[in-house]
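Engineer:
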Amino acid sequence: MTGQAPATARALDPQTPAPVEPRRLAVNFVYLAAGEFAAKLLTFASFSYMARVLGPFYYGLLEFTLALMVFFTLPVDLGLGAYGAREIARNPRDATRLLHEITGLRVLLAIVSMLALGSFIVFHQNIKLKLLLTLYGLSLLGGPFLLQWFFQAHDKMHWVAIASIVRQAVFAILVFLFCHEKTNVLRIGVAECVSVAAVGLFCLYIARHRMRYSWAWPDLRLGRLLVHLKQALPIGLTELAWAFMWYFCTVLLGFIYSDSSLGWFSASHRALMALHTFVWLYFFNLLPSISRCASRPHEHLLELMDRSVRFASWVGLFAAALLTVVSPLVLTIIYGPAFREAWSSFSVLVWMLPVAMLSGHHRYILVAYNQQKWLLFSTVVSAAAAVGLSFLLVPLYNGPGAALALLLANLVNFALVYLCVRKLVVPVPITRQLVAPLLALAASVVFYMALARWNFWAAVAGASAVYACALARFDGRNLMAFVHKIIRKPAVNAETA
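Listed below in C-alpha cells is the structure:
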C-alpha cells in the first residue's frame, strides 16, 4: 500500500463539511441507537443470566474484575479514538495515515498495559481472581483493532452499531452455552477474549473491503506516534480520571466488604452503565458536528446546543424520575429476587443520567475546541472528589454511600466544565432550557404522590401523562419544527453533509 486510500474512498470533498445537517445527524443517531439497543439487550440478557447463575457473591467478584480492568483497558486507547475521529472529521485526506499510526500507537500501549496488569496479578492473593484477570488481560491485544472511532470519523455509524452487536452477540452466545454454575466464572473470561477477537476481525474487514482503505497494519515510527500521543494524552488522562470517578467506588467496596453488598451495588451500577451508554452514544454521534462548529461563528454552536440541551433536559429528568419509582421492580425482574436490595443504590445512581446528559455538552465542546487540558483538569478534580467522598461515605453507608459519592462527583464535574466552556469558548446557556422540564417534573411528582396510595400504576401513568402534556405545551412547537427539519429532504448532497 502507498499510504493513500484507494480512489473509491476519496469521494470526500476537500472543503470542510457543513457542521450540522439535521437529517444526517438524526439518521446516524437512529443507527447508533438501534445498534446499541440491540447490544444492550444482549448484554442485559447475559449479565442478568450470570447474576442468577453466580449469585450476589460470585457476581460481585466478576464485577470487581471488570471494574479493575477498566483501569487497564482505557490506557490502550488513551484518548486516541476521540482524537482520531476529530482529526479525520476535520481533514478527511489524512484518514489512511491516521488509521495506521493510531493503530500502531495503540498496539504499543496494549503491551504496556498488559505488563502493568501482570504486575498486579503477581501480587494478588485470590487464585480465582488472578485467573479471571489473566483471561481478561489477553483481550487487551484485540483493543488496537477495534476501529469504531474510524467509522465514527466518516459518519459511518451503522458500522459502529453493527460492531457493538457483533461483540455482545458473541459474548452472550458463549455465556448461555457454557456458563451454567458458579464454577464457570472463569469461562466468562474466555468468552470476553473470543468476543473481542470477533469484533476486531469484523472491524478490519469493514475498513478494508467496504470502506476501501488499506489493512490497518500498525505504523510504529515513534516520531510520528509521539505527536499523536501528545495531542491525545489529555483526552486519555481525562478518560482515566473519568474511570476513577465511575469505578473507584466498586473497587473500594470490593476491598472493604466480602459479602453480597458488592454484588447488589454492582448490579445497580451495571444497570446504570447500560443506560449511560445511550448518553455516551448521543455525544459520540454529536462530536463530529461539534468539531465542525469550531471553524465557524459561535452562532452555529449555540443553535446546535440549544436544541440538544432542550432534548437532554426533558429526556434525562423524566428517565431519572421514572426509574427511581420503579427501581425495585426493575431490578428484581432483571437480576432476580436475590438482587432486590440493589434498589437503594440504583435510586440514587439514576440521577446521574440527567447530570451526565447536561454536562456532556460542555465536555465534548472542550474536546472539539482543543481545550483538552481544561477537560482533564475538570475531570481530575471530579475524580479526586469521587475518591475522597468514597472513602468518607462507603464505610458508613455501603452501596448507597458509593452511589451518593458518584452523584456528587458528577455534579462537581458539571460545574467545572460549564465554567471552562463559559470562559474559554462561549457561554452556553442551560437555565432557560431547564426551567420548563423542572416545573413539569414537580407537577408530575405532586400528581404521583396524590394517586400512589390508590393505585401505583395509575399514579405512574398519570404522572407521565402530566409530564408529556407539559412537554407539548412548553416545547412542543420547537420539537415539531425540529422533527420537520429532520424528515424533510436535505438541501445538500449527503456526501458533503
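In our numbering, the protein residues as written are 724 to 1220.
Yeah, the Cβ is synthetic: ideal placement off N, Cα and C, and Gly gets one too.
Computed from a predicted model, the values in this text were never measured in an experiment.
1) DSSP state of I1153, grouped into three classes?
2) Run the CB neighbour count on R1211, radius 10 Å, all protein chains shown included, and call it buried at 16 or more, exposed below.
3) Please classify Y928 as buried or exposed, where buried requires at least 16 neighbouring CB atoms within 10 angstroms.
4) Please state whether the Cβ-Cβ distance between T796 and P941 is less than 8 Å.
5) In this structure, does DSSP put M934 in helix, strand or coil?
6) Who are the Cβ neighbours of R890 in its own chain at under 8 Å, not counting the five residues just before and after it?
7) Short check: CB of F967 to CB of A1106, under 8 Å?
8) Sorted by chain position, which residues of the same chain lie with C-beta nearer than 6 Å to R775's C-beta, five sequence neighbours on each side aside?
9) Report yes if the CB atom of L755 is closer than 8 Å to the CB atom of M934, and no otherwise.
10) Under three-state DSSP, which class holds V1073?
11) Report the residue from N1121, G1083, F1170 whose alpha carbon sits nearest the alpha carbon of L1139.
12) Expressed to the nearest angstrom, what Euclidean distance is found between the alpha-carbon atoms of A1193 and F978?
13) Would you call the CB atoms of L785 and V913 closer than 8 Å?
14) Please report the straight-line C-alpha distance between E962 and N1178, rounded to a whole angstrom.
15) Locate the alpha helix (DSSP H) running through L1027, then write down its first and last residues.
16) In chain order, what residues of the same chain lie with their CB nearer than 7 Å to the CB of T788, ignoring the 5 residues before and after it?
17) Considering only C-alpha positions, which residue in the set S991, S1068, M1172, V1104 is nearest to V1189?
18) Using 8 Å for Cβ pairs, my map puts F1069 next to S991. What's the rounded Cβ distance?
19) Which same chain residues, not among the five before or five after P737, have their C-beta less than 6 Å away from its C-beta?
20) Which of the three DSSP states, helix, strand or coil, is assigned to C1016?
21) Y1092 by DSSP, collapsed to three states: which one?
22) Which one of V1183, R1030, L1157 has the shortest CA to CA distance from R1200?
23) Quick check: the segment 1009 to 1016 against the segment 1158 to 1168, are there 3 or more CB pairs under 8 Å?
24) Given this structure, state the Cα-to-Cα distance separating Q871 from W882, to the nearest angstrom.
25) So, at 6 Å on beta carbons, what are the nonlocal neighbours of F1197 in its own chain, with the 5 sequence-adjacent residues on each side left out?
26) Mark N1121 as exposed unless 16 or more other C-beta atoms lie within 10 angstroms of its C-beta, in which case mark it buried.
27) In angstroms with no decimal places, state the Cα-to-Cα distance between V1090 and A955.
28) On the criterion of 16 or more Cβ atoms from any shown chain inside 10 Å, does I850 qualify as buried, or is it exposed?
29) Between L1116 and P1051, what straight-line distance do the alpha-carbon atoms span, to the nearest angstrom?
30) Using C-beta distances below 7 Å, list every residue in its chain close to V898, excluding the 5 sequence neighbours before and after it, in chain order.
31) Quick one: residues in its chain with C-beta nearer than 8 Å to the C-beta of A1042, no 5 flanking neighbours on either side, listed in chain order?
32) Where S1067 and Y781 are concerned, what is the direct C-alpha to C-alpha distance, given to the nearest angstrom?
Structural biologist: Put simply:
1) coil
2) The pLDDT assigned to R1211 is 48, lower than 50, so where the model puts this residue is not dependable; a value taken from the coordinates is nonetheless given after this. R1211 is exposed by the Cβ-count criterion.
3) exposed
4) no
5) coil
6) A762, S918, V919, A921, V922
7) yes
8) G1059
9) no
10) coil
11) G1083
12) 46 Å
13) no
14) 44 Å
15) 1021 to 1058
16) L852, L855, L856, Y859
17) M1172
18) 4 Å
19) At P737, the pLDDT of 39 sits below 50, so the modelled position is not reliable; the number obtained from the coordinates is stated separately. Here the set comprises nothing.
20) helix
21) coil
22) R1030
23) no
24) 8 Å
25) A1159
26) buried
27) 10 Å
28) exposed
29) 23 Å
30) S769, Y772, M773, I911, A914
31) L998, V1073, L1076, P1077
32) 21 Å
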